[in-house]
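Comments concern the structure below.
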Amino acid sequence: MSVSMRQMLEAGVHFGHQTRFWDPKMAPYIFGDRNKIHIINLEKTLPMFQDAMNFIGGIAAKNGKVLFVGTKRAAQKTVREEAERAGMPFVNHRWLGGMLTNFKTVKQSIRRLKEIKAMKEDGRMDRLTKKEGLMMSRELEKLERTLGGIQDMGGLPSAIMVIDTGHEGIAINEAKKLGIPVIGVVDTNNNPESVDYVIPGNDDAIRAIQLYVRAAADAVVDAKSATTVAAAAVAE
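In our numbering, the protein residues as written are 6 to 241.
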């Protein structure tokens, strides 16, 4: 799906933060300011956004995984819904330190999550005492919230897509340490230098966040279906 400048304007992608909170490294992407709010230059954003979406599509075409990361309240619902639609992993509650850099340990917690889920599904949990059952339900809820979105990731992702680079600094640092490319929505108050595919834009408005994440999910879905069609044509 291609996104137009009109759609970006309607979603408020061009509204940055208050001018006093700006990061000077975002100067190349700022058009000016209005009522002490920086206005982002969408003529810069649009091609950079398209580059990022093409990169995501390229990963999906090769069966790679893009980890969607958005733990701030405005992003949580959309990140979950769109990642699930695209069949991609996501983190939308809290980034656990070591989620990428200590993935071996995280895998053990995922194993535990799947174990408890199986116990719940096959009725073994019902045979526990009330207290044990309650403790296990709480453990399941906690694991599901923090790790549910990455339980089928299998290994490290090919890239991560981050909404609000300032808010998700730990995730970005872990990805950089491991050489995992970062696609990030960078608002006027953040430093774009740690991001490989910068999307200069509003990282607070729900409509803007929906636009980015939906487009990323569409890029994945389109790439996967194109690959399936090509594979079917070869098979014939």
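Glycine included, C-beta positions come from ideal geometry on N, C-alpha and C. Being a predicted model, the structure only gives us computed values, none of them experimental.
Below 7 angstroms between beta carbons: does that hold for residue i and residue j?
i      : j      : result
Pro94  : Leu118 : no
Asp28  : Asn196 : yes
Val18  : Asn207 : yes
Ala66  : Thr232 : yes
Leu145 : Ile121 : yes
Glu173 : Val74  : yes
Ala16  : Ala222 : no
Using a Cβ-Cβ cut-off of 8 angstroms (strictly less than) and excluding sequence neighbours within five positions of residue i, which residues of its own chain qualify?
i      : result
Thr110 : Gly103
Gly138 : Met130 and Asp131
Ser7   : Gln55
Ile42  : Phe20, Gly21, His22, Gln23 and Thr24
Leu1   : This structure does not reach residue 1, given that the chain is present from 6 up to 241, and the question cannot be answered.
Ala224 : Met6, Met58, Asn59, Ile61, Gly62 and Ala65
Looking only at DSSP bridge pairs, what is residue i linked to?
i      : result
Val191 : Pro205
Trp166 : As written in the sequence, residue 166 is Met, which differs from the Trp given in the question. Beta-bridge pairing links Met166 to Phe73 and Ile188.
Ile35  : Ile45
Val226 : In the DSSP output, where bridge partners are listed per residue, Val226 has none listed.
Phe95  : Phe73
Phe263 : Outside the displayed range of the chain (6 to 241) lies residue 263, so it cannot be described from this structure.
Counting along the chain, where does the beta strand (DSSP E) carrying residue i start and finish?
i      : result
Gly159 : That residue, Gly159, is in no beta strand (DSSP E); it is neither H nor E in DSSP.
Between which two residues does the alpha helix (DSSP H) harbouring residue i extend?
i      : result
Phe26  : Counting along the chain, Phe26 falls outside any alpha helix (DSSP H), and DSSP gives it neither H nor E.
Asn178 : Gly174 to Lys182
Thr151 : Lys135 to Leu152
Ile121 : Phe108 to Glu126
Glu15  : Met10 to Ala16
Among the residues of its own chain, which have a CB less than 7 angstroms from the CB of residue i, if the five just before and after it don't count?
i      : result
Arg219 : Glu87
Ile64  : Val71, Ser163 and Ala164
Lys182 : Thr106
Gly37  : Ile44
Ala180 : Leu105, Ile165 and Val187
Short of 6 angstroms in beta carbon distance, which residues of its chain neighbour residue i, apart from the five on each side in sequence? Order them along the chain.
i      : result
Gln215 : Thr83
Gly189 : Val167, Thr170 and Val200
Val96  : Val74 and Gly154
- Would you be able to state if there are at least three C-beta pairs under 8 angstroms between the stretch 68 to 83 and the stretch 166 to 185? yes
- Query: Do the stretch 41 to 55 and the stretch 205 to 219 make contact, defined as three or more Cβ pairs closer than 8 angstroms?
  - Reply: yes
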